[in-house]
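Reviewing the structure listed below.
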Amino acid sequence: QAKAGGKDKAQFFSAEMTARAEQRLYMEAQLRHAQALNQLQLHWQPRVCAHSGRMLGVEGLLRWQHPELGAVSPAVFIPLAEESGLIVQLGAWVIEQACAQIAAWREAGLPAFFVSINLSARQLRDERLINTVRECLARHAVPEGQLELELTESMVMDKASSNLLQLHALRALGVGLAIDDFGTGYSSLAYLNRFPITKLKIDRSFVHDMLEDPSDRAITLAIIGLGHTLGLKVVAEGVERPREAALLREARCDELQGYLFGRPMPAEALPRWLADQADAAPG
Ligand code: C2E
Ligand code: MG
Ligand code: MG
Ligand code: MG
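Each residue of the sequence shown is one higher than the one before, starting from 816 at the first, in UniProt numbering.
This is the structure:
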């Protein structure tokens, strides 16, 4: 029985526990209680204007700190949450946190900026999503355009018409819709402009190799051109080096995000980051 508190915990670290399947079950059971036990936190990564360097928004990235497992990567626990269906509940918490954070920063006197969060396919298929988003926006008086949701290509391209209805309903609530990791999935270009999306987010694998690999550079430039042709904003993620930023700026990419500008950080750290940023960039 993997659903254990303190007293059964030792047995899970016994020598028999070598199977990956058991590890997964254990993690999944722990994840079920992570939110109630205050082990989850959103960290926020700045997104800046490619031209002015000014912060335009932040992306919320989930962090799980477990007493025995330590810091578990979202690359590990998000898929677990998706497979178990737990993501619907976790995702609703993330939406609430994002809206509450927008209100908290506003009350702290910070200038308005958007907050972007990641959405899983399971959440988009859940018919409660629209109500959850609507209620959170209203509860925290979030202005139109200040919440953005990041979807994947497959979620948007999914021929299920219910997905399309959900996306339209979200847009009607004033929520921005970005396609995350763009270029890694299978987008039908013919379909792209039929969906109510607002941004393309170039996958960091292209950005990372752009300076050395001519084809990744070509793909990056093509995505920027495509996005602009369709009237969308284009974001580059995973920007780590000044020369990448310079090239993206030259190519008229709109927004940049990556370690070069800032790592994901707890909410309390953001005002300080903003102040340092203002000092560094005069004017
Ligand atoms: P993502 O949405 O594509 O997020 C970008 C990932 O790249 C984040 O990893 C971020 O920390 C990392 N990153 C940002 N800048 C750089 C950089 O300059 N260089 C490098 N090498 N990496 C950079 P993270 O935080 O580990 O998240 C991994 C993925 O987990 C996310 O990818 C997203 O798909 C998923 N995820 C995170 N939080 C949530 C959530 O609340 N809900 C859902 N559904 N998925 C989430
Ligand atoms: Mg994302
Ligand atoms: Mg991404
Ligand atoms: Mg991703």
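Where is the CB? At the ideal position from N, CA and C, for every residue including glycine.
Cα-Cα separation between residue i and residue j, rounded to whole angstroms
i, j, result
"Q860", "R1009", "30 Å"
"A896", "Q904", "9 Å"
"residue 1130", "V1050", "Because the chain in this structure spans residues 816 to 1098, residue 1130 falls outside the shown range and cannot be described."
"A817", "H848", "The predicted model places A817 with a pLDDT of 48, which falls under 50 and marks its position as unreliable; any figure quoted below should be read in that light. Computed Cα separation, rounded: 12 Å."
"G1046", "S977", "24 Å"
"C864", "L871", "6 Å"
"R943", "E1065", "42 Å"
"F929", "H858", "14 Å"
"A1090", "A1082", "14 Å"
"Q916", "G924", "12 Å"
"T999", "F1021", "9 Å"
"R1032", "A913", "33 Å"
"G1077", "E963", "19 Å"
"A1084", "D1094", "16 Å"
"P894", "A956", "32 Å"
"A953", "T947", "10 Å"
"A886", "Q1092", "28 Å"
"P1029", "G991", "32 Å"
Beta-carbon proximity list for residue i, same chain, < 8 Å, skipping 5 on both sides
i, result
"L1075", "V1054, E1055, R1056, P1057, E1059 and A1060"
"A927", "R921, P958 and Q961"
Own chain residues within Cβ distance below 7 Å of residue i, not counting five before or after
i, result
"G906", "L934, S935 and Q938"
"F997", "E968, L1015, K1016, I1017, D1018 and I1038"
"G1098", "Any answer about G1098 is weak, because its pLDDT of 45 lies below 50 and its placement is not dependable; what the coordinates show is given next. Counting only Cβ-Cβ distances below 7 Å, and skipping sequence neighbours, we find nothing."
Inter-residue CB distance, residue i and residue j (contact presumed, cutoff 8 Å)
i, j, result
"I932", "G875", "5 Å"
"L1062", "L1071", "L1062 to L1071, Cβ: 11 Å. No contact."
"L966", "D995", "6 Å"
"A984", "I945", "5 Å"
"F892", "M842", "7 Å"
"A993", "I1012", "7 Å"
"W879", "Q854", "6 Å"
"P889", "L877", "5 Å"
Simplified DSSP assignment, three categories, for residue i
i, result
"C951", "helix"
"G1040", "helix"
"S899", "helix"
"R869", "coil"
"E959", "coil"
"I1012", "coil"
"V990", "coil"
"N946", "helix"
"G906", "helix"
"L1071", "strand"
"V1054", "coil"
"residue 1136", "In the structure as shown, the chain begins at 816 and stops at 1098. Residue 1136 is therefore absent and cannot be evaluated."
"N853", "coil"
"A886", "strand"
"residue 766", "There is simply no residue 766 to check, as the chain begins at 816 and stops at 1098 in what is shown."
"Q816", "Residue placement at Q816 is flagged as unreliable, the pLDDT there being 47, under the threshold of 50; a coordinate-derived value is accordingly withheld."
"L1045", "coil"
Sequence-distant residues of its chain with Cβ nearer than 6 Å to residue i (five each side left out)
i, result
"P1086", "none"
"K1048", "K1014 and D1069"
"H1023", "G1053"
"E898", "none"
Ligand 6 heavy atom lying under 7 Å from the CB of residue i
i, result
"D1018", "As far as ligands go, the structure on display features ligand 1, ligand 2, ligand 3 and ligand 4 and does not contain ligand 6."
- [ ] Can you list the residues near ligand 2, meaning Cβ strictly closer than 5 Å to any non-hydrogen atom, in the order they appear in the chain?
- [x] N933, E965 and D995
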